[in-house]
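Q: Quick one: structure below, then a few questions.
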Amino acid sequence: MSIQTIDSQAAAFFSRFQPVKVNGKSLARSTREEAAAALEEMTIPTRKWEDWKYTNLAPLVKRNLNLAGKGEVSKEEVQARLIPELDSDYLVFVNGYFAPELSDFAVTNYHVNTLHDLEGMERELFEAYFGQIVPFDQDVFTAMNTAYGREGLFVYVPKAKMIEKPLQVLHITTGSDKDLGIQHRNMFLIGEGASLKIIESYHTLGGATSFRNDVTEIKVEDRAQFEHIRLQIAGNEASQVNNLEIHQGRDSIAKTFVFTMSGDLIRNNLIFKLKDEHTESHLMGAYLLDGTQKLDNFTQVNHMKPHCFSNELYKGIMDDEASGAFTGRINVFPDAQKTNAYQSNRNILLSDDAQINTKPQLEIYADDVKCSHGATTGRLDEEALFYLMARGINKTAARKLLVHAFVLEVSENISLEPVRQYIDQLVSTRY
Amino acid sequence: MLNIQNLQASIEDQPILKGLNLTINPGEVHAIMGPNGSGKSTLASVLAGREEYEVTDGEVTFHGKDLLDLDPDERAGEGLFLAFQYPVEIPGVSMTNFLRTSVNSIREYREEEPLNGAAFLKMMREKQQIVELDKNLTKRSVNEGFSGGEKKRNEVFQMAMLEPKLAILDETDSGLDIDALRIVAEAVNKLRSPDRSFLVITHYQRLLEYIVPDFVHVLYKGRIVKSGGKELALELEEKGYDWIKAESPAV
Chain S
1393 MSIQTIDSQA AAFFSRFQPV KVNGKSLARS TREEAAAALE EMTIPTRKWE DWKYTNLAPL
1453 VKRNLNLAGK GEVSKEEVQA RLIPELDSDY LVFVNGYFAP ELSDFAVTNY HVNTLHDLEG
1513 MERELFEAYF GQIVPFDQDV FTAMNTAYGR EGLFVYVPKA KMIEKPLQVL HITTGSDKDL
1573 GIQHRNMFLI GEGASLKIIE SYHTLGGATS FRNDVTEIKV EDRAQFEHIR LQIAGNEASQ
1633 VNNLEIHQGR DSIAKTFVFT MSGDLIRNNL IFKLKDEHTE SHLMGAYLLD GTQKLDNFTQ
1693 VNHMKPHCFS NELYKGIMDD EASGAFTGRI NVFPDAQKTN AYQSNRNILL SDDAQINTKP
1753 QLEIYADDVK CSHGATTGRL DEEALFYLMA RGINKTAARK LLVHAFVLEV SENISLEPVR
1813 QYIDQLVSTR Y
Chain L
18 MLNIQNLQAS IEDQPILKGL NLTINPGEVH AIMGPNGSGK STLASVLAGR EEYEVTDGEV
78 TFHGKDLLDL DPDERAGEGL FLAFQYPVEI PGVSMTNFLR TSVNSIREYR EEEPLNGAAF
138 LKMMREKQQI VELDKNLTKR SVNEGFSGGE KKRNEVFQMA MLEPKLAILD ETDSGLDIDA
198 LRIVAEAVNK LRSPDRSFLV ITHYQRLLEY IVPDFVHVLY KGRIVKSGGK ELALELEEKG
258 YDWIKAESPA V
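Going down the list, the protein sequences come from chains S and L. Heads up: the first sequence begins at 1393 in this note's numbering, then just goes up one per residue. Heads up: the second sequence begins at 18 in this note's numbering, then just goes up one per residue.
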């Protein structure tokens, strides 16, 4: 990235996120100051940038964002948004503020804190890794979040603790004000041989237009296992840029699933760094877009050591004038012999005006590797449609079956049955 | 039951069927044989309602209804079944979900109550035995990863589930080894009944050793050029199709 001075428009945009003290003791102050300084040198990406070719941020940064105030959400409204049949601990953030009265988590085997109540060992851990997993000098949104983000979630699972109950995090935006700005920060540290599953979901009540800027730093230590599910099901007036990076230790397994069904403009940057041998990584994504939705999934898998396995599967269905982009970058470092890296992006276009840009980018600097990538874009399989109809199933039901099946191929990789069912139910509301 | 009169059909403006006549009565088994490109599979596709084929002339009635006026799913509802030559793999749709949707769609068409889960599973177990289908296959996605033989057996299994009035077998024997051929043929024979008819489309006589037809028709250049009893199949096997070609008037 070339260093440019921040332009006036971007400066105005960022200034909406006023620096706020995270807690009385100025959590991670030096890193925040570094990020703020880095931000001074950055500018908002334009479509001339190779990595931002398919996301037009211009309309977004023109918006007159206001830092969101606290909102009112009832327990019933939260209950209605929890995943049915899923026995989980859960935290609720309303307009970016933690809502303890709406949350229910009595975890004993591991640590769950918001950034406002970090003390002692937890605070030390947070400060040690803050800004170390997701670099803040490469992406303007990460820099902005690192410098000025005010709330977030810290989760630490100590060595060998295998947590059975998944943790659900609900991000609810409420109110009818215009252009709420929200920043949220996550740090998930999964200790050696530990395991955890986290589901984050986005919801809107009230119809306020909003923009969120989320950053998630995840460290999965040796032999640990982690699964992250992100449900982007907020209203179509909600936009977000999401940066998530995972660093994996030896013999660890990490799995991400991003499900996008509604929203205005969404950009998901997802980076995996496989920092030691024999890791396993799964990157899953499914998206059902319609209207004028815009989604850009930008993914990168870095094979840095030998004997690692990664599998990436993103599938989407685009209707109306929706536009999507998928970038799948796989970097195989010179040292990373015996790498197995697979990638697939499959799309169905249901309308002539929908579009998808898909771009695999493989950079391989080791010679003994297995890498494959594939991308397809097409219509619903006419042969399959005829086969189903020839068995008495009418066209509408047959289409529905095929759409569900298309998404199911991705969602069946989720280990939690209630989440799979919930996604299927969400798909049913669309098709 | 099925009455085809002067059926003419083309694909991409290329005429394939050029005036085909055929009548099938309840309980009869008809075999259609013919060299490659004679229009055998086109006939199956047109009867099942595949969109790519355009019917340019003629009419087809099925139990008195205009078959060509019905969508493929309505034809299935009326009791027409096509065993596909190339069954389609549908990843993500489980066999059980598919069959249950199929069975209940057809029941709904016939204004019957849908089968409940228990009744459906019982039916599935019974019918599976007819085709000796590995019960693990019903846990998988439709045809996905099935061997050629398993796919064909699966077609006959679906036929057993849907209990059609007319079953069209489009080269069901192709790609089968002798054991699979015998299993498929025996399953079809078990499904024969006085009110169920079959139209067996095949390239070879060997399937007809097991599924003995009442009538054999030779299709050539889009028309039935010769009809006879089961012995016609043997004659074709012996002499090949050349004598048919020689005997047929130029089309």
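Yeah, the Cβ is synthetic: ideal placement off N, Cα and C, and Gly gets one too.
#1: Would you report the Cα separation of S:Gly-1488 and S:Ser-1820, rounded to the nearest angstrom?
#2: Considering just the uninterrupted stretch of the beta strand (DSSP E) at S:Gln-1685, what are its terminal residues?
#3: Note the first and the last residue of the continuous alpha helix (DSSP H) segment covering L:Gly-165.
#4: To the nearest angstrom, report how far apart S:Ile-1398 and S:Gly-1523 are at their CA atoms.
#5: Please confirm whether S:Leu-1793 and L:Val-229 have their CB atoms less than 8 Å apart.
#6: Comparing C-alpha positions only, which one of S:Tyr-1814, S:Tyr-1540, S:Ala-1782 sits nearest to S:His-1796?
#7: Please list the partners that S:Leu-1431 has in chain L, where partner means a Cβ-to-Cβ separation under 9 Å.
#8: Within the continuous alpha helix (DSSP H) that includes L:Glu-125, where are the two ends?
#9: What do you get for L:Ile-23, buried or exposed, if any count of 16 or more other CB atoms within 10 angstroms of its CB means buried?
#10: Compile a chain-ordered list of the residues in the segment 144-165 of chain L whose CB is closer than 9 Å to at least one CB of chain S.
#11: Locate the beta strand (DSSP E) running through L:Lys-139, then write down its first and last residues.
#12: Would you mind stating whether S:Lys-1776 and L:Val-63 have Cβ atoms separated by less than 8 Å?
#13: Between which two residues does the beta strand (DSSP E) holding S:Ala-1630 run?
#14: Does the separation of the CB atoms of L:Thr-189 and L:Ala-100 fall below 8 Å?
#15: Under 8 Å between the Cβ atoms of L:Pro-211 and L:Ser-158?
#16: Rounded to whole angstroms, what's the CA-CA distance from S:Thr-1750 to S:Thr-1438? Just pull it up for me.
#17: Report yes or no: is there a C-beta of chain L within less than 8 Å of the C-beta of S:Ile-1564?
#18: Below 7 Å on C-beta distance, what does L:Gln-175 contact in chain S?
#19: From the DSSP output, read off the bridge partner residues of L:Glu-76.
#20: Smallest Cα separation from S:Phe-1580: which of S:Tyr-1446, S:Gln-1617, S:Gly-1567?
#21: Listing by chain order, which chain S residues have their CB less than 7 Å from the CB of L:Thr-118?
#22: Compare the C-alpha of L:Tyr-258 against each of L:His-80, L:Asn-53, L:Phe-98 and name the closest.
#23: Go ahead and pull the three-state DSSP assignment for L:Pro-43.
#24: Please tell me whether S:Leu-1800 has its Cβ less than 8 Å away from any Cβ of chain L.
#25: If you measure between the beta carbons of L:Leu-39 and L:Ile-241, is that distance less than 8 Å?
#26: Any beta-carbon of chain S closer than 8 Å to the one on L:Tyr-70?
#27: Could you check what DSSP says for S:Leu-1597 in three-state terms: helix, strand or coil?
#28: Could you list the residues in the segment 1769-1782 of chain S with a C-beta less than 7 Å from some C-beta on chain L, going in chain order?
#29: Mind listing, in chain order, the continuous alpha helix (DSSP H) runs of no fewer than 4 residues lying wholly within the segment 1739-1785 of chain S?
#30: Pairing CB atoms from the segment 1497-1512 of chain S with CB atoms from the segment 1589-1601 of chain S, are three or more of them under 8 Å?
#31: Out of S:Leu-1675, S:Gly-1716, S:Ile-1645, S:Val-1761, which one is the CA nearest neighbour of S:Pro-1698?
#32: Run down chain S in chain order and give the residues with a C-beta less than 7 Å from the C-beta of L:Ala-93.
#33: With a cut-off of 8 Å on the beta carbons, I'd call S:Val-1633 and S:Arg-1659 a contact; round off their distance for me.
#34: Excluding the 5 residues flanking S:Val-1547 on each side, which residues of the same chain have their C-beta closer than 6 Å to its C-beta?
#35: Run through DSSP, which three-state label would S:Val-1484 get?
#36: In three-state DSSP terms, what is S:Glu-1516?
A: The answer reads as follows:
#1: Residue numbering aside, residue 1488 of chain S sits at position 96 when the first sequence is read from its first letter. Residue numbering aside, residue 1820 of chain S sits at position 428 when the first sequence is read from its first letter. Computed Cα separation, rounded: 29 Å.
#2: Position 293 of the first sequence, counted from the first residue, corresponds to residue 1685 of chain S. Segment: none, S:Gln-1685 is in no beta strand (DSSP E) and carries neither H nor E.
#3: Translated into positions along the second sequence, residue 165 of chain L becomes position 148. Segment 165-179, the alpha helix (DSSP H) holding L:Gly-165.
#4: Indexing the first sequence from 1 puts residue 1398 of chain S at position 6. Indexing the first sequence from 1 puts residue 1523 of chain S at position 131. Because S:Ile-1398 carries a pLDDT of 45, less than 50, the predicted location of this residue cannot be relied on, and the following value inherits that uncertainty. Going by the C-alpha atoms only, they are around 21 Å apart.
#5: Within the first sequence, the letter at position 401 stands for residue 1793 of chain S. Within the second sequence, the letter at position 212 stands for residue 229 of chain L. S:Leu-1793 is not a Cβ neighbour of L:Val-229, given a cutoff of 8 Å.
#6: The residue given as residue 1796 of chain S occupies position 404 in the first sequence. The option with the nearest alpha carbon to S:His-1796 is S:Tyr-1814.
#7: Here residue 1431 of chain S refers to the residue found at position 39 when the first sequence is read from its first residue. Against S:Leu-1431, chain L offers no close residue; the least beta-carbon distance is about 44 Å (beta-carbon pairs closer than 9 Å).
#8: Residue 125 of chain L sits at position 108 when you count from the first residue of the second sequence. Its alpha helix (DSSP H) spans residues 112-126.
#9: Residue mapping note: residue 23 of chain L aligns to position 6 of the second sequence, counting from 1. First, the residue type needs correcting, since residue 23 of chain L is Asn and not Ile in the sequence shown. So L:Asn-23 ends up on the exposed side.
#10: From the segment 144-165 of chain L, only Ser-158, Val-159, Asn-160 have a Cβ closer than 9 Å to chain S.
#11: Taking the first residue of the second sequence as 1, we reach residue 139 of chain L at position 122. Per DSSP, L:Lys-139 belongs to no beta strand (DSSP E); it is in the alpha helix (DSSP H), 134-148.
#12: Locating residue 1776 of chain S in the first sequence gives position 384, counting from the first residue. Locating residue 63 of chain L in the second sequence gives position 46, counting from the first residue. Per the sequence presented here, residue 1776 of chain S reads as Ala, with Lys not at that position. For S:Ala-1776 and L:Val-63, no; Cβs fall outside 8 Å.
#13: Translated into the one-based positions of the first sequence, residue 1630 of chain S becomes position 238. In this chain, the beta strand (DSSP E) harbouring S:Ala-1630 covers 1630-1640.
#14: Counting from 1 along the second sequence, the entry for residue 189 of chain L is found at position 172. Counting from 1 along the second sequence, the entry for residue 100 of chain L is found at position 83. Yes, the pair counts as a contact, with Cβ atoms nearer than the cut-off.
#15: Position 194 of the second sequence, counted from the first residue, corresponds to residue 211 of chain L. Position 141 of the second sequence, counted from the first residue, corresponds to residue 158 of chain L. Going by C-beta atoms, L:Pro-211 is not nearer than 8 Å to L:Ser-158.
#16: Position 358 of the first sequence holds residue 1750 of chain S. Position 46 of the first sequence holds residue 1438 of chain S. Approximately 19 Å, taken between the alpha carbons.
#17: Here residue 1564 of chain S refers to the residue found at position 172 when the first sequence is read from its first residue. Between S:Ile-1564 and chain L, the shortest Cβ-Cβ separation is not below 8 Å.
#18: Locating residue 175 of chain L in the second sequence gives position 158, where the first residue counts as 1. Result: Arg-1783.
#19: Numbered from its first residue, the second sequence carries residue 76 of chain L at position 59. In DSSP, L:Glu-76 forms a bridge with L:Gln-22.
#20: Translated into the one-based positions of the first sequence, residue 1580 of chain S becomes position 188. Taking each of S:Tyr-1446, S:Gln-1617, S:Gly-1567 in turn and checking the Cα distance to S:Phe-1580, the smallest one comes out for S:Gln-1617.
#21: One-based indexing of the second sequence puts residue 118 of chain L at position 101. Residues of chain S passing the Cβ test: Ile-1785, Ala-1789, Leu-1793.
#22: Numbered from its first residue, the second sequence carries residue 258 of chain L at position 241. When each option's Cα is compared against that of L:Tyr-258, the closest is L:Asn-53.
#23: Mapped onto the second sequence, residue 43 of chain L falls at position 26. Judged by DSSP in its simplified three-state form, L:Pro-43 adopts coil rather than helix or strand.
#24: By 1-based counting over the first sequence, the position of residue 1800 of chain S is 408. Using a CB distance cut-off of 8 Å, S:Leu-1800 counts as an interface residue toward chain L.
#25: Taking the second sequence and counting its residues from 1, one reaches residue 39 of chain L at position 22. Taking the second sequence and counting its residues from 1, one reaches residue 241 of chain L at position 224. Result yes, Cβ atoms of L:Leu-39 and L:Ile-241 sit closer than 8 Å.
#26: Within the second sequence, numbered from 1, the residue matching residue 70 of chain L stands at position 53. Cβ-Cβ to chain S under 8 Å: no for L:Tyr-70.
#27: On the first sequence, residue 1597 of chain S is found 205 positions in, with the first residue counted as 1. Reduced to three states, the DSSP call for S:Leu-1597 is coil.
#28: Listed in sequence order: Glu-1775, Ala-1776, Phe-1778, Tyr-1779, Met-1781, Ala-1782.
#29: Whole alpha helix (DSSP H) segments, 4+ residues: 1774-1781.
#30: At 8 Å Cβ cutoff, the stretches do not touch.
#31: Your numbering for residue 1698 of chain S matches position 306 in the first sequence. Measuring from the Cα of S:Pro-1698, the nearest candidate turns out to be S:Val-1761.
#32: Counted from its first residue, the second sequence places residue 93 of chain L at position 76. Listed by position along chain S, the residues whose Cβ is nearer than 7 Å to that of L:Ala-93 are Ala-1782, Arg-1783, Gly-1784.
#33: Counted from its first residue, the first sequence places residue 1633 of chain S at position 241. Counted from its first residue, the first sequence places residue 1659 of chain S at position 267. The pair is a contact, with the Cβ atoms about 5 Å apart (cut-off 8 Å).
#34: By 1-based counting over the first sequence, the position of residue 1547 of chain S is 155. Leaving aside the five residues that flank S:Val-1547 on each side, the residues in its chain whose CB is nearer than 6 Å to its CB run, in chain order, Val-1504, Phe-1580.
#35: In the first sequence, counting from the first residue as 1, residue 1484 of chain S sits at position 92. Of the three classes helix, strand and coil, the one that applies to S:Val-1484 here is strand, per DSSP.
#36: Translated into the one-based positions of the first sequence, residue 1516 of chain S becomes position 124. Helix, per DSSP.
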